[in-house]
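A.B. asks: Before anything else, here's the structure in question.
Next up, the structure:
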């Protein structure tokens, strides 16, 4: 006979595990039955999360590297940004998974099922080898499924290939990372590289694009080689690890609550449409959910950031998707004319309206105004 559960979480990725870890950390769910379902155990370092943060965060103990200095580069502007009071942080996927499951496996009230999820609704979850009745459980879904494309929406991809390069002599400054380097060719669309030194002889070099379609592997490899040779001025190096990822950038409408299911992470609209940043938005969402559960609030009325930020993101997406303005020009102007602290606050959806007007007045006003009007009436 199947056990009954109070909470079921679909997907053991960043969103699912962040929610479960905050439930465990609160110590208020020990008497609740929780089920976590994912396809396979997490045994690979399959991704890297990078983000800026002011204080020590919920996952501070597994931060792999952090930087107090960030460089922004473009053809006509380069600067070592003053990012105080922020730090730029990196968490490796494998460290995140190991940390979470080391704690989850201690919880007698948490069950884990490894099986492929074929379909689900508020009544039943269909796996390859069994069906799980949802019953009275609160169901959280973190599995992102792209919706059928609509003519009035924009669909870009942030896609990236990264190498961890190793040199035979001291080459990198471990205290300073490159956030964006737009000096690379822009033939494919918005393109930049970020470089995160792990120590004096190793760094993660990530070639990143905001475009509608992917490149082939040879193109990513060639562009990475060119960057390491021409911009980092490194002739001799080894690639000791690599990663590849795709993040959706869309103004598609996402519902947190629909048909008795609560959608979290990217599936619930927590990937910022204009930048692809996700990790910190997931943390805010997970905290808000757990706080609401503890206060016995209705989750369906939760809102995680003001709606106007969706309008800002949609306007920028229109400019990029229509080719009316490139990301190189937008982000160069953004960082050149504003303090990094204000830019980060804005990109975190934490500014007030006055701060936003001030920032937007430094951008390409004519282009943004025209795109904004079109988005408003859409």
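Residue numbers (the working numbering): 4 to 381. Ideal placement from N, C-alpha and C gives every residue a C-beta, glycine not left out. Keep in mind it's a predicted model, so treat the numbers as computed, not measured.
Between which two residues does the beta strand (DSSP E) carrying residue 6 extend?
C.D. replies: Taking the chain shown and counting its residues from 1, one reaches residue 6 at position 3. First-last for residue 6: undefined, no H or E at that position.
A.B. asks: Could you compute how far the alpha carbon of residue 246 sits from the alpha carbon of residue 197?
C.D. replies: In the chain shown, residue 246 corresponds to position 243, counting from 1. In the chain shown, residue 197 corresponds to position 194, counting from 1. Going from the Cα of residue 246 to the Cα of residue 197 covers about 14 Å.
A.B. asks: How big is the Cα-Cα spacing for residue 131 and residue 223?
C.D. replies: In the chain shown, the residue the question calls residue 131 occupies position 128. In the chain shown, the residue the question calls residue 223 occupies position 220. Cα-Cα distance, rounded: 36 Å.
A.B. asks: Whether or not the region 329 to 336 and the region 184 to 191 are in contact is what I'm after, with contact meaning three or more pairs of Cβ atoms, one per stretch, closer than 8 Å; do they touch?
C.D. replies: Counting Cβ pairs under 8 Å, three or more are found: they touch.
A.B. asks: Measure the beta-carbon distance from residue 40 to residue 124 and round it to whole angstroms, keeping in mind my assumption that it falls under 8 Å.
C.D. replies: Here the question's residue 40 lines up with position 37 in the chain shown. Here the question's residue 124 lines up with position 121 in the chain shown. The pair is not a contact, with the Cβ atoms about 14 Å apart (cut-off 8 Å).
A.B. asks: Using 8 Å as the Cβ pair cut-off and three pairs as the minimum, do the region 284 to 292 and the region 18 to 26 touch?
C.D. replies: At 8 Å Cβ cutoff, the stretches touch.
A.B. asks: Quick one: what does DSSP say residue 331 is sitting in, helix, strand or coil?
C.D. replies: One-based indexing of the chain shown puts residue 331 at position 328. Looking at residue 331 - three-state DSSP - the assignment turns out to be helix.
A.B. asks: Which of the three DSSP states, helix, strand or coil, is assigned to residue 167?
C.D. replies: Against the chain shown, residue 167 aligns to sequence position 164. In this structure, residue 167 counts as strand in the three-state DSSP scheme.
A.B. asks: What are the complete beta strand (DSSP E) segments, minimum 3 residues, inside the region 128 to 157?
C.D. replies: Correct list: 134 to 136 and 141 to 144.
A.B. asks: Starting from residue 343, follow the alpha helix (DSSP H) in both directions and report where the run begins and ends.
C.D. replies: As a first step, residue 343 must be located in the chain shown, where it is residue number 340. Here the alpha helix (DSSP H) through residue 343 covers 343 to 350.
A.B. asks: Among 261, 184 and 277, which one has its Cα closest to the Cα of residue 233?
C.D. replies: Taking the chain shown and counting its residues from 1, one reaches residue 233 at position 230. Of the candidates 261, 184 and 277, the one whose C-alpha sits nearest the C-alpha of residue 233 is 184.
A.B. asks: Which residues share a DSSP beta bridge with residue 181?
C.D. replies: Indexing the chain shown from 1 puts residue 181 at position 178. Looking at the DSSP assignment, residue 181 forms a beta bridge with 74 and 198.
A.B. asks: Please state whether DSSP places residue 239 in a helix, a strand or coil.
C.D. replies: Your numbering for residue 239 matches position 236 in the chain shown. In this structure, residue 239 counts as coil in the three-state DSSP scheme.
A.B. asks: Please name the residue, chosen from 355, 12 and 282, that lies closest to residue 309 on a Cα-to-Cα basis.
C.D. replies: By one-based count along the chain shown, residue 309 stands at place 306. For residue 309, the nearest C-alpha among the options comes from 355.
A.B. asks: Under the three-state reduction of DSSP, which class applies to residue 186: helix, strand or coil?
C.D. replies: Along the chain shown, one-based indexing puts residue 186 at 183. Of the three classes helix, strand and coil, the one that applies to residue 186 here is coil, per DSSP.
A.B. asks: Put residue 315 into one of helix, strand or coil per three-state DSSP.
C.D. replies: Numbered from its first residue, the chain shown carries residue 315 at position 312. Of the three classes helix, strand and coil, the one that applies to residue 315 here is helix, per DSSP.
A.B. asks: Going by other Cβ atoms of all chains shown within 10 Å of its Cβ, with 16 needed for buried, is residue 369 buried or exposed?
C.D. replies: As a working note, residue 369 is residue 366 in the chain shown. With fewer than 16 Cβ atoms within 10 Å of its Cβ, residue 369 is classed as exposed.
A.B. asks: Could you pull the start and end residues of the alpha helix (DSSP H) that residue 376 belongs to?
C.D. replies: Position 373 of the chain shown, counted from the start, is the residue given in the question as residue 376. Here the alpha helix (DSSP H) through residue 376 covers 368 to 380.
A.B. asks: Cα separation between residue 214 and residue 162?
C.D. replies: For the purposes of this step, residue 214 is taken as the residue at position 211 of the chain shown. For the purposes of this step, residue 162 is taken as the residue at position 159 of the chain shown. Rounded to whole angstroms, residue 214 to residue 162 spans 8 Å at the Cα level.
A.B. asks: Who are the near neighbours of residue 99 in its chain, counting only those whose CB is closer than 8 Å to its CB and skipping five residues on each side?
C.D. replies: In the chain shown, residue 99 corresponds to position 96, counting from 1. If we look at residue 99 and ignore the five residues flanking it on each side, its Cβ neighbours are 17, 20, 52, 62 and 65.
A.B. asks: If I measure Cβ to Cβ from residue 226 and keep anything under 6 Å in the same chain, skipping five residues before and after, which residues do I get?
C.D. replies: The residue given as residue 226 occupies position 223 in the chain shown. Correct list, in chain order: 210.
A.B. asks: In this structure, does DSSP put residue 353 in helix, strand or coil?
C.D. replies: Numbered from 1 along the chain shown, position 350 holds the residue referred to as residue 353. Residue 353 falls in the coil class under three-state DSSP.
A.B. asks: Can you name the start and end residues of the beta strand (DSSP E) that residue 95 belongs to?
C.D. replies: Start at 1 with the first residue of the chain shown, and residue 95 comes out as number 92. Residues 90 to 95.
A.B. asks: Put residue 86 into one of helix, strand or coil per three-state DSSP.
C.D. replies: By 1-based counting over the chain shown, the position of residue 86 is 83. Three-state result, residue 86: coil.
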